[in-house]
Structure formats: structure tokens, C-alpha cells
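S.K.: Counting in our numbering, the sequence shown runs from 12 upward without gaps.
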Amino acid sequence: MSHWRPPAGTTTLVEPLDPDPGQETLTGTVLQDERLLLDLGASPRPGTSIDVVASFFTPDALLRVTGVLVAEPDGYYELVVKDSERIQRRSTDRVDIELTASLVVLDAPGPMMSVVGHTQNVSVGGCRVLTDQPLPTGREAMVSLHLIDDLKPVVAQATVLGVKHDDTTWNYRLMFTAIDTEDRDRLHRVVAA
């Protein structure tokens with residue numbers, strides 16, 4: 012746990028173990044700091060030191076942290092971590108596999124443009140695709156995954172949940188919103204292999 016830090020700006024649910032009335036649930040925002048420092052915003056202010064359970068929501072999992080919330084002189088609170096538990100949020104596991112993928116953004120302005128890349132990981136519920144060019148602006152995409160030893164691609168409609176951009180690579184996180192049963196079954200066989 013000593014190496015883990017949620018990104019600055021992450022919203023956190025803080026639940027005191029022995030709360031005063033009206034302080035059963037607090038919300039905080041992670042601040043940029045070497046410590047795990049929280050701004051409780053409009054939440055009520057607990058005492059100078061209180062045992063809590065804090066929940067951090069990430070794309071892959073929920074992280075529940077037990078610790079002590081300690082008031083700082085500047086009005087912020089440091090979360091001193093005692094223990095943590097990672098809880099899987101996905102309904103289906105993703106498998107690291109590289110498949111050729113082509114993406115078309117359905118709600119992009121202008122002419123349709125296909126972007127080709129490859130998957131980093133795949134599940135029957137979504138995938139992560141790396142490309143060397145950005146997708147047009149939009150939230151809905153049609154994804155074609157070219158399975159190994161199969162001429163017919165798996166086609167699914169997907170929502171773009173997020174993107175990370177490095178120097179020359181775009182990393183798209185996609186959740187399938189529509190996929191026919193046959194393609195879902197074919198994808199399940201690949202993931203389960």
C-alpha cells in the first residue's frame with residue numbers, strides 16, 4: 012500500500028467507524044501531496060483524529076482503505092492508512108491479449124473515419140485498444156476485433172469510457188454496449204482459452 016496513491020482530484024467516500032450524528036458519511040477529494048491528503052469540501056468536520064473506512068473508485072476496482080483521518084492545521088485531513096482491500100468492479104475479467112482492432116466513431120462530426128490499432132486486454136464486456144492516431148471526438152464507437160485463426164471479426168458497439176495519451180499512443184478504454192450473441196460467445200471462447 013505504501014506505493015499506491017490515488018490521483019489528485021479523486022473523489023473519496025469516507026465513513027467514520029464511530030460517527031457523531033450527522034457525520035455518518037463524508038466525501039473528500041484527494042489533493043496533490045506526498046501524503047494522502049483530503050479536502051472534505053462541504054462535508055461536516057470530524058474531530059482531530061477518527062478511525063474511518065475510505066472508498067476509492069478506480070476504473071478496474073474499488074479500493075477500501077481502513078485508517079485514521081487526522082485533522083491538519085490548514086483545514087485538510089490526512090488519511091493514515093492501516094490496511095487496504097481491492098474489490099473487483101468488473102463483471103467479467105479481462106485477459107491480456109493482442110488482437111488487431113479497428114474503430115469507427117459513430118457520433119463524430121464530419122465523414123466517418125476508421126482508426127486501426129491493437130487490443131491490450133479484452134473481456135466479453137469491453138476492451139482496451141492502443142492506437143497511433145486519435146479517434147474523432149465522440150462517445151460511441153463501432154469496434155471490430157480480428158480474432159486469431161478466424162476470418163470473421165467480432166463486431167460490437169461500445170462507449171468510450173476514457174483515453175490516455177502518451178507521445179505517440181492513444182489508449183482507449185471501451186465498454187461494449189451492444190454485441191450479438193454469436194460474437195459474444197466467440198469472444199468468450201477467446202478470453203476463456
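Even for Gly, the Cβ is constructed at its ideal location relative to N, Cα and C. As the structure is a prediction and not an experimental result, all values here were calculated from the model.
Could you pull the DSSP bridge partners for arginine 184 from this structure?
M.R.: According to DSSP, arginine 184 bridges with Arg139 and Gly173.
S.K.: Return the chain-ordered list of same chain residues with a C-beta closer than 7 Å to the C-beta of proline 17, the five sequence neighbours on each side being excluded.
M.R.: Counting only Cβ-Cβ distances below 7 Å, and skipping sequence neighbours, we find Val41 and Phe67.
S.K.: Where do the N-terminal and C-terminal ends of the beta strand (DSSP E) with threonine 38 fall, by residue?
M.R.: Element bounds for threonine 38: 37 to 41.
S.K.: Suppose you measure from the CA of alanine 65 to the CA of methionine 186; what does that come to, to the nearest Å?
M.R.: Those two C-alpha atoms are separated by around 27 Å.
S.K.: In this structure, how does DSSP classify threonine 192 when only helix, strand and coil are distinguished?
M.R.: If DSSP states are grouped into helix, strand and coil, threonine 192 belongs with the helices.
S.K.: With distances taken Cα to Cα, identify the nearest neighbour of isoleucine 159 among Arg200, Ser125, Met123 and Gly58.
M.R.: For the residues Arg200, Ser125, Met123 and Gly58, the minimum Cα distance to isoleucine 159 belongs to Arg200.
S.K.: Taking leucine 162 and valine 133 to be in contact with their CB atoms under 8 Å, please state how far apart those CB atoms are, rounded to whole angstroms.
M.R.: Not a contact, Cβ separation roughly 18 Å.
S.K.: Label arginine 139 either buried or exposed according to how many other C-beta atoms from any shown protein chain fall within 10 Å of its C-beta, with 16 as the threshold for buried.
M.R.: Buried, because 16 or more other Cβ atoms sit within 10 Å of the Cβ of arginine 139.
S.K.: Does DSSP classify proline 27 as helix, strand or coil?
M.R.: Three-state DSSP puts proline 27 in a strand.
S.K.: Can you tell me where the beta strand (DSSP E) with leucine 48 in it begins and where it stops?
M.R.: First-last of the beta strand (DSSP E) with leucine 48: 48 to 50.
S.K.: Report, in whole angstroms, the separation of the C-beta atoms of leucine 74 and leucine 49, which I expect to be a contact under 8 Å.
M.R.: Contact doesn't hold; Cβ gap of about 14 Å is too wide.
S.K.: Just mark leucine 51 as buried or exposed, buried being the case when its beta carbon has 16 or more other beta carbons within 10 Å.
M.R.: Buried: at least 16 other Cβ atoms inside 10 Å.
S.K.: Give the DSSP-derived three-state secondary structure of glutamate 198 in the structure shown.
M.R.: In the sequence on display, residue 198 carries leucine and not glutamate. In the structure shown, leucine 198 sits in a helix (DSSP, three-state: H, G or I).
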